[in-house]
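In the order they appear, the protein sequences are chains A and B.
Residue numbering for the first sequence is 1 to 114, as defined by my numbering.
Residue numbering for the second sequence is 1001 to 1111, as defined by my numbering.
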Amino acid sequence: DAGVIQSPRHEVTEMGQEVTLRCKPISGHNSLFWYRQTMMRGLELLIYFNNNVPIDDSGMPEDRFSAKMPNASFSTLKIQPSEPRDSAVYFCASSSDRSGSPLHFGNGTRLTVT
Amino acid sequence: AQSVTQLDSQVPVFEEAPVELRCNYSSSVSVYLFWYVQYPNQGLQLLLKYLSGSTLVKGINGFEAEFNKSQTSFHLRKPSVHISDTAEYFCAVSDRSQFYFGTGTSLTVIP
């Protein structure tokens, strides 16, 4: 299994630009999670989906952030417009609905907004 | 709601010495427990998990953890650490829908 695949690995953009992060979960996993990691705030849950439906988006910082999961094998996290304080590593993770199934993480996207 | 506390933000330890990373949780329901490791510039990798049964769980890289229900703890241990164990370690609990992570413990192995 290829694991959770995220792209790009690194993204450098200027303030005000739109940024789109992509994630392909492990095949057969029903749940998908987006996390943000910074030195100051640690690992924060932004949103999670179950069977492609957003279940909890209370962690999304503000309206500039949006996430979609159009099908079981693809999700995007979009920031528009981006700001320097959005600089962080963004992780996607997936898990199955089987009881006790752990989270499987991608390698993350390191976003730098200048 | 569930919460996870990792009291030690940084743990320095000499190579080949034993180490224990502490994790306590609070939950009103039964949970599953996990330890993850994060190496620099990588995602989190599963070290071990407790679902049920024996309270002593063995994971990868020689790590083990013990579930203590009365103390609501799930401490991670290794009898002899290596330089390569230098990393960030996260404790997590799952209530079957969401995952809750601690703030992490940075383990530094000193040669």
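Even for Gly, the Cβ is constructed at its ideal location relative to N, Cα and C.
Only a predicted model underlies this, so the values are computations on that prediction, with no experimental measurement involved.
Item: Quick one: residues in its chain with C-beta nearer than 8 angstroms to the C-beta of A/M60, no 5 flanking neighbours on either side, listed in chain order?; Value: L46, I47, S66 and A67
Item: Helix or strand or just coil, what does DSSP make of A/N71?; Value: strand
Item: Buried or exposed: A/A88, going by 16 or more other Cβ atoms within 10 Å of its Cβ?; Value: buried
Item: For A/G28 and B/E1066, I'd like the C-alpha separation in whole angstroms.; Value: 31 angstroms
Item: Taking the DSSP output, what are the residues bridged to B/K1069?; Value: Looking at the DSSP assignment, B/K1069 forms no beta bridge with any residue, so it has no partner.
Item: Determine the extent of the beta strand (DSSP E) in which A/N51 is found, giving its start and end residues.; Value: From DSSP, A/N51 is part of no beta strand (DSSP E); its letter is neither H nor E.
Item: For B/T1103, go through chain A and note every residue whose CB falls closer than 9 angstroms to its CB, in chain order.; Value: G42 and L43
Item: Could you name the residues of chain B that A/L111 contacts, counting a contact when the two beta carbons are closer than 7 angstroms?; Value: Result: empty, since nearest Cβ-Cβ is about 14 angstroms, beyond 7 angstroms.
Item: Any C-beta of chain A within less than 8 angstroms: which residues of the segment 1062 to 1075 of chain B qualify?; Value: none
Item: Grab the span of the beta strand (DSSP E) containing B/Y1039 for me, first residue to last.; Value: No beta strand (DSSP E) holds B/Y1039; DSSP gives it neither H nor E.
Item: In this structure, how does DSSP classify B/G1062 when only helix, strand and coil are distinguished?; Value: helix
Item: For a contact defined as C-beta to C-beta under 9 angstroms, what are the partners of A/G28 on chain B?; Value: Here the premise fails: no neighbours, minimum Cβ distance about 17 angstroms.
Item: Rounded to whole angstroms, what's the CA-CA distance from B/Q1042 to A/N50? Just pull it up for me.; Value: 25 angstroms
Item: Which of the three DSSP states is assigned to B/I1083 in this structure?; Value: helix
Item: What does the Cβ neighbour count give for A/E8, buried or exposed, with the cut at 16 atoms within 10 Å?; Value: The identity of residue 8 of chain A in the sequence shown is Pro, whereas the question assumes Glu. Exposed, because fewer than 16 other Cβ atoms sit within 10 Å of the Cβ of A/P8.
Item: Counting only C-beta atoms, is B/Q1042 closer than 7 angstroms to chain A at any point?; Value: yes
Item: Shorter than 7 angstroms from the beta carbon of A/F65 to some beta carbon of chain B?; Value: no
Item: Does the beta carbon of A/G59 come closer than 7 angstroms to any beta carbon on chain B?; Value: no
Item: From the DSSP output, which residues share a beta bridge with B/V1013?; Value: B/V1109
Item: Determine the closest residue to B/T1055 out of B/G1062, B/H1075, B/C1091 and B/V1013, with distance taken between C-alpha atoms.; Value: B/H1075
Item: Determine the DSSP secondary structure at A/D56, reduced to helix, strand or coil.; Value: strand
Item: Between which residues of its own chain and B/P1111 is the CB-CB distance below 7 angstroms, once the five residues before and five after are set aside?; Value: E1015 and I1083
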